[in-house]
Structure formats: C-alpha cells, structure tokens
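Per the working numbering: the sequence shown = residues 366 to 885. The beta-carbon is built from N, C-alpha and C at its ideal position, and this holds for glycine as well. Computed from a predicted model, the values in this text were never measured in an experiment.
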Amino acid sequence: MLVISNNSYRVLAIPVLLTALLSIGFYIASAQQTPTDDRLTGNWAARNVNNTEGTVRSTYFNLKHEGGKITGTIRATQFFYTIKESTGGPEGFTIIAAMPDGRSERRVQYEGKLVGDELHIGRRTRPDAPITEMIAKRAPAGEGALPARVEPPARHKVSYNGLAKTPPMGWNSWNKFAGRIDDATVRGIADAMASNGMKDAGYVYINIDDTWEAGRNEKGEIQTNKKFPDMKALADYVHKKGLKLGIYSSPGPNTCAGYEGSYGHEEQDAMTYAKWGIDYLKYDWCGARTLYTDEEMPAIYEKMGDALLKTGRPIVYSLCQYGRLDVWKWGAEVGGNLWRTTGDIRDTWDSMSGIGFRQNELAQYASPGHWNDPDMLEIGNGGMSDTEYRTHMSLWAMLAAPLLAGNDLRQMTPETLAILTNREVIAVNQDKLGKQGTRFSKSGDQEVWTRQLSGGAIAVAFFNRAKDEAKISVSWKDLGIVGKWRARDLWLHQDLAWPERQYDATVPGHGVVMLRLSHK
Ligand code: GLA
366 MLVISNNSYR VLAIPVLLTA LLSIGFYIAS AQQTPTDDRL TGNWAARNVN
416 NTEGTVRSTY FNLKHEGGKI TGTIRATQFF YTIKESTGGP EGFTIIAAMP
466 DGRSERRVQY EGKLVGDELH IGRRTRPDAP ITEMIAKRAP AGEGALPARV
516 EPPARHKVSY NGLAKTPPMG WNSWNKFAGR IDDATVRGIA DAMASNGMKD
566 AGYVYINIDD TWEAGRNEKG EIQTNKKFPD MKALADYVHK KGLKLGIYSS
616 PGPNTCAGYE GSYGHEEQDA MTYAKWGIDY LKYDWCGART LYTDEEMPAI
666 YEKMGDALLK TGRPIVYSLC QYGRLDVWKW GAEVGGNLWR TTGDIRDTWD
716 SMSGIGFRQN ELAQYASPGH WNDPDMLEIG NGGMSDTEYR THMSLWAMLA
766 APLLAGNDLR QMTPETLAIL TNREVIAVNQ DKLGKQGTRF SKSGDQEVWT
816 RQLSGGAIAV AFFNRAKDEA KISVSWKDLG IVGKWRARDL WLHQDLAWPE
866 RQYDATVPGH GVVMLRLSHK
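Given below as structure tokens:
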C-alpha cells in the first residue's frame, strides 16, 4: 500500500515545481533562439587538400538544427561521433559529441558559427587548448556517411604462415617521417640499409607506414597517392637490394592518419599487395572502432589473416591494436606473426623505459613465429642519449622484440649505427629458441633481466633506471650457474675474467651492462 504523508508530499512537490519552472525557462530560451531557424541543417564538409599527395581528407558535419537544438553526427576521418549536447545557434554554437572506443568513450567539443554559407568551425581537445579552425561547406546529402557494417566472420584458426621464426628486423617510416614519407626517401633508406652494415647485421624489412594511400579506382582497387607513383617499381628496387618491402593498412574504412583503409576490400587489398611484391603488412585498428567492438577484433583480424594466406605470397602479418583485449592470447590464432602490446612509443626515456619494463608478464606468449611487439625503435631520433639508446636496444633484445629502426638511416652518427648494428646484442634478440627474457630481480630502480638462449647460454642485462650511476650485482648461485663459465660483455665486446661467486656491474644512470654467459 502506498501512503504519502503530508511531509513526503512536500518533498516531492519541490522537484516537480523546479522541473516545471526549468521547462518554462528552457522554452523561453529556445524561443529566443528562434526554433524555426534551421540554417545549420545539412551535410557540411571541411576538406583538407594535400597537394603534395593529391589527397583530400574531409571532416563531415551531418547536422539537424531543430527547435534550437543541434543533433546529428560528425565523421572526422577515422572517428565517427554522435552529437550529445549543443548550445547556441548559427551566430555561435558549441557541440559536444561522443563515440564508443573499446571500453571507453571519446568526446570532442566543436565550436562554430555560420558565416555566409560557410560553417567556420573549430575543435578543442581540452577546454584550455587552442581551437583548430576549419571551414566547412555544404556537401551532397549522404556524402561521407559511414559505410554499412559488415558482420564479422565466424571464428576459426588461421594457420601459421611459417614466417618470422625470429623477431622481424628492419625499418619503419613512422617514428621519423610520419606523413612526410615518399618513394625517394624509401629508396634512400634502402640504399643506406644495404650499404651501411645494417643489412649484413640482419635488417631486412623496409616498412612504409601510414600516408601512402589514395582512394580506390572504379574496380575498387586501392591507389597510391602522388608520393608513391609506382609501388611495384619501388618493391622491385628494394628487392634488388636484397631487402623486403612492407606496407600499412587498417581494417576500418580509414587509417589512423585518416587515409583509405581496407574495410570491405580485404581480399582485394591483399591481392594488390601481393601483386606489388609486398612482404609485410602492419594492420592498424584505428578506423575499425567506428564499426566494431574490441570483442570483435579477433574475427576482424582473422579476415586479413585469411586474405594474406590466400595470396600465396609470404607476407609477415603485424597486428597493431595497442595491446587491447589481451591480444597476446589470440594474436597467433588469427595468423599474426607479431602484435603490438602498447600504445605508441615516443622518443623519450619515460616512454621507452615505461613500455619496455612493462613487458615482463607477456614473456610466455612469445615463441618462434609469434612475437610481442612493444613498438618500433627510437634509436638515433635525438630525444634520448646514446646511453639511453643502448638501454633501448638491450631491452628490446632481451624482450625478443621486433627490431624496427625508426630513424633516418641516410644520416646518422657512427654511435647510432654502432648501437643498431651491435651483432652480439642482435644475436640475443635473434636467438633461435625464441624465449622472451624476464625480470630476474629488482631493487628500487635497479633491475636484472635474464633470457635463456639456445645451447644453455644465458643473457643477463643489468639495467639502471635511476639517473645516477649504480652498482648492480647478481650471484652465479642465484642464476643456477655452477663452476666456471665464459662471460662476455656485449657492449664492450670483451670476455671478462670469470669472477668468483657473483658479478658486480657498475652501470651508468639510465644505462645497461649486458652479458652473455655460456658453458666453457
Ligand atoms: C598508430 C600506430 C602508429 C602509426 C600511426 C600511423 O598511431 O600505432 O604506429 O602506425 O598509427 O597513423
């Protein structure tokens, strides 16, 4: 039985009264914004023309302006937002839009106004950030609409392609060149790699990252933009140097940088890559989040895994989805040879060390043909000292991580080249056993990592994450070593006199001492 006492009636009456007053207030406010004013209604496109590439990347505002409210969607290259809130009208408005992104939500705020028949509109990433302005013009209805969702295929295992028995070694364009990569630069990098000792040290893949793409022709085939006039000719050039060529795409309609993705064209793109002579594909989730949930990732990656196998060409398959959904648990099943375990690396000590030292728990998921990928190298890009870059190289070697240089190989210091081509450290990285190293001990900022190598050898790395020099020790007993072994310092390139009981390494701030211990 529901009994409403006088008191609770009064408590209820206050919110009711407030709501009524607020509604009247809103009605008056929206009446002032002339509810019949629908000048913002329509599909608006802000076109970003890149003459060097001959590409146009657009942001679409598909708006409905009714009763003083702006609703609709915003497609900003790889993102697709639904408008959640709006204030104002043609003379000045603010809209807040959101989209789901895995387990989180992305929000953006746009501020704009109508100027003649143009929408002057800007985006703020943070309330205190400056606004980036763009001009949108009316576009035909439907242009820029998100393509219809294709249901993910049923799950099944993609068979192993037999590649990457040791972690891939090569170079990738993104860290240094981002959108500035072009045919001439790739050729220059190939020339450098083939002649500066890197190829001899094991580097082989030259990987073009995002921004090579244009649109599609009438047959639906992916086209290269002006920066890459002839991909087949480029692949031939790279192959003649004894190197291999890699490329980049996304399972979504757009890549991370907003270029054409492989969505709905997976098999066709794989065939095109094979026709061009591509040897490696990095497949980057980004744009796919507009259509799929994280849980659907494995099925979506499987689709390209199948497509690559079907070409009959050996193409290394690199998954890039920033380690979401514990990719290390299913990366191999979808045909992946390697999978990114983190967000993007930056050329700083904090970024590199933060990523590298976080990989310990993933060791069990690496094996020949299937590698954890803590992202590309920053060695030689200038943001860290040579000591820190030696730590970067050593850590990636201990982690059995892909060694993809990310600097300008055409001009680097002898020190950078020496770090990248340290064959003794590379031998640890490329060890046939394919066992990823793990943290053996840790005391404050000092860590000892070990990696089991073939033939019963052990790689031991003494890492000093502190700014000041430190002494780091490990006893042979703790490592299970009995008797006299051979100890080699992999950075000094020297055999050490076998110390009794333990090794005491003096390690510079942010530095490393790396040893290979083997039976006599
Ligand atoms: C993402 C990837 C990067 C790079 C860019 C290209 O951020 O994680 O490695 O490929 O996209 O747009």
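Inset, instruction - Whole angstroms is fine: what's the gap from Ala-410's alpha carbon to Gly-487's? - result: Against the sequence shown, residue 410 aligns to sequence position 45. Against the sequence shown, residue 487 aligns to sequence position 122. Ala-410 and Gly-487: Cα-Cα distance of roughly 13 Å.
Legend entry - Terminal residues of the beta strand (DSSP E) in which His-430 lies: Here residue 430 refers to the residue found at position 65 when the sequence shown is read from its first residue. Unbroken beta strand (DSSP E) run through His-430: 420 to 431.
Legend entry - Cα-Cα separation, Asn-537 to Gly-708: Position 172 of the sequence shown, counted from the start, is the residue given in the question as residue 537. Position 343 of the sequence shown, counted from the start, is the residue given in the question as residue 708. Spanning the two alpha carbons is a distance of roughly 16 Å.
Inset, instruction - Return the bridge partner residues of Asp-869 from the DSSP annotation. - result: For this step, residue 869 is matched to residue 504 along the sequence shown. Asp-869 is bridged to Ser-838.
Legend entry - DSSP-derived helix/strand/coil call for Thr-756: If you number the sequence shown from 1, residue 756 lands on position 391. Helix, per DSSP.
Legend entry - Cβ neighbour criterion (16 or more within 10 Å) applied to Lys-605: Numbered from 1 along the sequence shown, position 240 holds the residue referred to as residue 605. By the neighbour-count criterion, in which 16 or more other beta carbons inside 10 Å mark a residue as buried, Lys-605 falls on the exposed side.
Legend entry - Rounded separation between His-430 and Asp-403 - CA only: The residue labelled residue 430 in the question sits at position 65 within the sequence shown. The residue labelled residue 403 in the question sits at position 38 within the sequence shown. About 5 Å.
Inset, instruction - For Leu-656, name the three-state secondary structure that DSSP assigns. - result: One-based indexing of the sequence shown puts residue 656 at position 291. Coil.
Legend entry - Span of the beta strand (DSSP E) around Gly-477: Along the sequence shown, one-based indexing puts residue 477 at 112. Note, Gly-477: beta strand (DSSP E), 469 to 480.
Legend entry - Arg-711 versus Thr-401: straight-line alpha-carbon distance, rounded: Position 346 of the sequence shown, counted from the start, is the residue given in the question as residue 711. Position 36 of the sequence shown, counted from the start, is the residue given in the question as residue 401. Taking the straight line joining both Cα atoms gives about 50 Å.
Inset, instruction - Please determine, among Asn-829, Thr-620, Leu-646, the residue with the shortest C-alpha to C-alpha distance to Lys-609. - result: Here the question's residue 609 lines up with position 244 in the sequence shown. The candidate whose alpha carbon is nearest that of Lys-609 is Leu-646.
Inset, instruction - Go to Met-499, then tell me how far its beta strand (DSSP E) extends in each direction, as first and last residue. - result: Sequence index remark: in the sequence shown, residue 499 carries index 134 (1-based). Counting along the chain, the beta strand (DSSP E) containing Met-499 begins and ends at 497 to 503.
Legend entry - Beta carbon of Asp-738 nearer than 7 Å to that of Leu-764: For the purposes of this step, residue 738 is taken as the residue at position 373 of the sequence shown. For the purposes of this step, residue 764 is taken as the residue at position 399 of the sequence shown. No, Cβ-Cβ distance for Asp-738 and Leu-764 is not below 7 Å.
Inset, instruction - Determine the direct distance from the alpha carbon of Leu-742 to that of Met-749, and round the result to whole angstroms. - result: Taking the first residue of the sequence shown as position 1, residue 749 is located at position 384. Taking the first residue of the sequence shown as position 1, residue 742 is located at position 377. Those two C-alpha atoms are separated by around 12 Å.
Legend entry - Whole-angstrom distance between Gln-867 and Ala-622, CA atom to CA atom: By 1-based counting over the sequence shown, the position of residue 622 is 257. By 1-based counting over the sequence shown, the position of residue 867 is 502. So the two alpha carbons sit approximately 51 Å from each other.
Legend entry - Residues that Asn-619 bridges to, as DSSP identifies them: Along the sequence shown, one-based indexing puts residue 619 at 254. In DSSP, Asn-619 forms a bridge with Glu-625.
Inset, instruction - Look up Ile-744 in the DSSP assignment and give the residues it is bridged to. - result: Taking the sequence shown and counting its residues from 1, the one referred to as residue 744 is at position 379. The partner list for Ile-744 (beta bridge, DSSP) is empty, contrary to what the question assumes.
Inset, instruction - With DSSP as the reference, label Thr-803 as helix, strand or coil. - result: Translated into the one-based positions of the sequence shown, residue 803 becomes position 438. Strand at Thr-803.
Inset, instruction - Would you kindly work out how many angstroms separate the C-alpha atoms of Val-872 and Met-563, rounded to a whole number? - result: Working through the sequence shown from its first residue, we reach residue 872 at position 507. Working through the sequence shown from its first residue, we reach residue 563 at position 198. If you take the alpha carbons of Val-872 and Met-563, they lie about 27 Å apart.
Legend entry - Environment of Thr-490 [buried if 16+ CB atoms lie within 10 Å]: Along the sequence shown, read from residue 1 onward, the residue named residue 490 stands at position 125. Its Cβ having fewer than 16 others within 10 Å, Thr-490 is exposed.
Legend entry - Environment of Leu-387 [buried if 16+ CB atoms lie within 10 Å]: The residue given as residue 387 occupies position 22 in the sequence shown. With a pLDDT of 46 at Leu-387, under the threshold of 50, the predicted position of this residue should be treated as unreliable, though the coordinate-derived value follows. By the 10 Å Cβ count, Leu-387 comes out exposed.
Legend entry - Residues proximal to ligand 1 by C-beta, any heavy atom closer than 5 Å: Trp-539, Asp-574, Asp-575, Cys-621, Ala-622, Asp-709
Legend entry - CB contact flag (Thr-497, Gly-544, <7 Å): Walking along the sequence shown from the start, residue 497 turns up at place 132. Walking along the sequence shown from the start, residue 544 turns up at place 179. No, the pair does not count as a contact, with Cβ atoms beyond the cut-off.
Legend entry - Whole-angstrom distance between Asp-869 and Arg-775, CA atom to CA atom: Taking the first residue of the sequence shown as position 1, residue 775 is located at position 410. Taking the first residue of the sequence shown as position 1, residue 869 is located at position 504. Rounded to the nearest angstrom, the two C-alpha atoms are 39 Å apart.
Legend entry - Bridge partners - Cys-685, DSSP secondary structure assignment: Locating residue 685 in the sequence shown gives position 320, counting from the first residue. Cys-685 is bridged to Asp-649.
Inset, instruction - List in chain order: all unbroken beta strand (DSSP E) runs of 3+ residues lying wholly within the segment 657 to 739. - result: 681 to 685, 703 to 705, 736 to 738
Legend entry - the segment 440 to 447 in contact with the segment 405 to 425 per 3-pair CB rule at 8 Å: yes
Legend entry - Straight-line Cα distance separating Trp-650 from Gly-437: Residue numbering aside, residue 437 sits at position 72 when the sequence shown is read from its first letter. Residue numbering aside, residue 650 sits at position 285 when the sequence shown is read from its first letter. One C-alpha to the other measures close to 25 Å.
Legend entry - C-beta atoms of Leu-818 and Ala-852 nearer than 7 Å: Counted from its first residue, the sequence shown places residue 818 at position 453. Counted from its first residue, the sequence shown places residue 852 at position 487. The answer is no: Cβ separation not under 7 Å.
Inset, instruction - Using only the heavy atoms of ligand 2, determine whether one of them is closer than 6 Å to the beta carbon of Ile-846. - result: Absence of ligand 2 is noted for the structure shown, with ligand 1 being the only ligands found.
Inset, instruction - Could you spell out the range, first to last residue, of the beta strand (DSSP E) harbouring Val-523? - result: Position 158 of the sequence shown, counted from the first residue, corresponds to residue 523. Note, Val-523: premise wrong, no beta strand (DSSP E); not H, not E.
Inset, instruction - Go through its chain and collect everything with a Cβ distance to Ser-451's Cβ below 8 Å, but skip five positions before and after it. - result: Mapped onto the sequence shown, residue 451 falls at position 86. Spatial neighbours of Ser-451 in its own chain (CB-CB distance under 8 Å, excluding positions within 5 residues in sequence) are listed in chain order as Lys-434, Ile-435, Thr-436, Phe-458, Thr-459, Ile-460, Ile-461.
Legend entry - Cβ neighbour criterion (16 or more within 10 Å) applied to Asp-773: The residue labelled residue 773 in the question sits at position 408 within the sequence shown. Asp-773 should be labelled buried.
Legend entry - Between the CA atoms of Trp-736 and Ala-766 - distance to the nearest angstrom: If you number the sequence shown from 1, residue 766 lands on position 401. If you number the sequence shown from 1, residue 736 lands on position 371. Approximately 7 Å between the Cα atoms of the pair.
Inset, instruction - State the DSSP-derived secondary structure class of Lys-885, mapped to helix, strand or coil. - result: Counting from 1 along the sequence shown, the entry for residue 885 is found at position 520. Reduced to three states, the DSSP call for Lys-885 is coil.
Legend entry - Sequence-distant residues of the same chain with beta carbon closer than 6 Å to Leu-656, five excluded per side: To locate residue 656, count along the sequence shown from 1; it is residue 291. Excluding positions up to five away in sequence, the list reads Arg-514.
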